[in-house]
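The sequence shown begins at 68 in our numbering and counts up one residue at a time.
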Amino acid sequence: MSMILLGNEAVAHGARDAGARVVSSYPGTPSTEITETIAALGGLYAEWAANEKVAAEVAMGAAVAGARAMCCMKHVGLNVASEVLFTGAYSGINAGLVFVVADDPGMHSSQNEQDTRFYAMSAHVPILEPSTAQEAYDYIRLAFEMSEACDLPVILRMTTRIAHTRGIVAPREADHPELRPYEKRPDKYVMMPGFARPRKHAMMANLDKARAFAKERGINRVELGNKQGFLCAGGVYQYVKEAMPGASVYKVGMPYPLLEEEIKPFASGVETLYVVEELEPVMELQLNSFGLFPKGKDTFGKFGEYTAETVACAVKGVPVPEDTVSDLPGRPPVLCPGCPHRGAFTAIKRLKLNAFGDIGCYTLGAAAPLSAMDTTICMGASIGMAHGAALAQGEDMARKSVAVIGDSTFFHSGLDGLASACYNQSDITVLVLDNGTTGMTGHQDNPSTGMTLAGQKVSPISIEETARAFGVKNIYIADPLNLPEMEQALRDALAAPGVSLVVARHKCVLIDGEKKPVYKVNPEVCIGCGVCLQSGCPALRKQDGKVSIEPTMCKGCNLCAHLCPTGAIEGGR
């Protein structure tokens, strides 16, 4: 029976029907729904790993031990997992191994728009890219077959539009591959130089097998039309079909490696050849190596997402019409009303601290009016950057700086930075924002929450005990919505020698569940100074020189009352 599924949900259904047994992932938009759907479907093991490298290692271990396995992540997660991919391509696998990686052209929810296809090219592994939810279902099943046929990991590349677009999916009868026997093969799986050298030759031969597999299974296809020819893949295929309905199209299902023997005849049959691809010129470079020089990046642009309109305008050589939406008032993302992070950032701002940040909901602490974070580069960067800044600027910097990191990110990639800071006798303060969940990607569990993806209760791993095991002696716990307590904890930590840790602990307002009294402003006492507005709470507004609180948005967190210099904000009923 056909179903209407998100592209990500289609991947999950396809993986289950392909006979995958183990799925290990780290949440990251736009990939998160894949693993959540797999957990809901049941029938196979699914987990949230501490980070993407661990997820890839778990999947690699399962594949080597004979089970079809998959790891899922967003594009920047592959930076973390890349070592497993690169060396796994040398060693090969036993049962099928698929990396599902979701790219984010246009940076809807990401710090960059890197192109996973370059990873495939550099690692010498095949990459498949669906253009519909149905293809997402079909391609994940093909990916497992290809992996086993070619003895290589295979990447399935999703993009935001395909991951989060719904479409009709017609599932097929499920496969039930047997668990393959585990074999001791140090010559294959122990990648010391003496074994790795011959394995590189095997890897390149395996890539040729991938080419043959793709040709045999018809992963790419030709749609003949007029003498304009377009080579495209993924969501861009849909834009080309809408913009140029009469054109000839070579629809790419495997962007790397491209099949020269298929593309050259197609190119010879058209008068003008275009290669249309978002982000990097991955296919264009391959075409150049075939002696083909189509109209590509110089025609269609090198940044962001495409649309049918941008494709049509580029082909016609006319500018894209101005976007009238940009004339509308901006509505930037903000921390939720009652978010405990707002208290921590208010304290940072009031103490005039430098804040080296990390990736999470709390990245929004950099936005006005909080304006409390100075850097956000990648997950786990905060601690190392704070240490580096202290080395560069000395004690004055160390006494006025904090590394700001979330609870999930702390276990993802903060432990390495903390261990290094302790080992090298750093003099920094680490502020862990512990809201009891992985909030930004939709409230997934992590090692400190005491719950697994399967809903199993486990012993939570203590942030402060972990730090204590690393040698951190100065540890402070504070409620970030108790502003005096939060500020005092930071003062004490900054004054203490060595590495200090402050845990700002308060549950995410969206999972707290506690109904607190709504606050209100006494207009007779309010002087309209706007100090409370510096918290950036969406429930606060100023009109006719006075501040008021929108009762339907107020969560009763009390932060604004702490800030008000005249006591005009009072607890409600």
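Backbone N, C-alpha and C define an ideal beta-carbon position, used for all residues, glycine too.
The model shown is predicted, which means the values in this text are computed figures rather than measured ones.
Check, Outcome
"With a 10 Å radius around its C-beta and 16 neighbouring C-beta atoms as the bar for buried, classify residue 290 as buried or exposed.", "exposed"
"Give the DSSP bridge partners of residue 169, in chain order.", "141, 225"
"What three-state label does DSSP hand residue 572 in the structure shown?", "strand"
"On the three-pair Cβ rule with 8 Å, is the region 581-597 touching the region 615-629?", "yes"
"Taking just the CA atoms, how far does residue 533 sit from residue 495?", "17 Å"
"Given 8 Å as the limit, is there contact between the region 274-289 and the region 183-194, that is, 3 or more CB pairs closer than that?", "yes"
"Does the separation of the CB atoms of residue 595 and residue 613 fall below 9 Å?", "yes"
"Assign residue 268 to buried or exposed, taking buried as 16 or more other Cβ atoms, counted over all protein chains shown, within 10 Å of its Cβ.", "exposed"
"Look up residue 518 in the DSSP assignment and give the residues it is bridged to.", "524"
"Out of curiosity, what's the CA-to-CA distance linking residue 471 and residue 423?", "6 Å"
"What is the residue span of the beta strand (DSSP E) that residue 184 lies within?", "Careful: residue 184 lies outside any beta strand (DSSP E), inside the alpha helix (DSSP H) at 183-190."
"Short of 6 Å in beta carbon distance, which residues of its chain neighbour residue 464, apart from the five on each side in sequence? Order them along the chain.", "456, 457"
"From 493, 497, 514, pick the residue whose C-alpha is nearest to that of residue 503; which is it?", "514"
"Residue 275 to residue 229, Cα distance in whole Å?", "28 Å"
"From 371, 335, 367, 491, pick the residue whose C-alpha is nearest to that of residue 380; which is it?", "367"
"For the putative contact between residue 134 and residue 89, defined by C-beta atoms under 8 Å, what is the C-beta separation to the nearest angstrom?", "5 Å"
"Can you look up residue 75 in the DSSP assignment and give me helix, strand or coil?", "helix"
"Starting from residue 284, trace the alpha helix (DSSP H) in both directions and tell me its first and last residue.", "260-284"
"Can you check whether the CB of residue 286 is closer than 9 Å to the CB of residue 206?", "yes"
"Pair every Cβ in the region 132-146 with every Cβ in the region 157-166, then say whether three or more of these pairs are closer than 8 Å.", "yes"
"Short of 6 Å in beta carbon distance, which residues of its chain neighbour residue 247, apart from the five on each side in sequence? Order them along the chain.", "133, 161, 162"
"What span of residues does the alpha helix (DSSP H) with residue 448 cover, start to end?", "448-460"
"Closest to residue 384 by CA distance: which of 363, 180, 390 is it?", "363"
"How would you label residue 344, buried or exposed, when you count the other beta carbons within 10 angstroms and need 16 or more for buried?", "buried"
"Residue 365: buried (16+ other C-beta within 10 angstroms of its C-beta) or exposed?", "exposed"
"Quick one, are the C-beta atoms of residue 149 and residue 122 less than 9 Å apart?", "no"
"Give the list of continuous beta strand (DSSP E) stretches no shorter than 3 residues that lie fully inside the region 338-387.", "339-343"
"For residue 235, which of helix, strand or coil comes out of DSSP?", "strand"
"Taking residue 553 as the reference, give the member of 413, 113, 76, 339 with the closest Cα.", "413"
"Short of 8 Å in beta carbon distance, which residues of its chain neighbour residue 435, apart from the five on each side in sequence? Order them along the chain.", "603"
"Rounded C-beta distance between residue 588 and residue 616? I'm assuming under 8 Å.", "6 Å"
"Less than 8 Å between the CB atoms is what I'm expecting for residue 530 and residue 566, so what's the real figure, rounded?", "Actually they do not touch by this definition, with Cβ atoms about 14 Å apart."
"Taking buried to mean at least 16 other C-beta atoms within 10 Å of its own C-beta, is residue 142 buried or exposed?", "buried"
"Who are the near neighbours of residue 573 in its chain, counting only those whose CB is closer than 6 Å to its CB and skipping five residues on each side?", "407, 546, 547, 548"
"Just tell me which of 389, 170, 416, 188 has its CA closest to the CA of residue 371.", "170"
"Within 10 angstroms of the Cβ of residue 425, are there 16 or more other Cβ atoms? Answer buried if so, exposed if not.", "buried"
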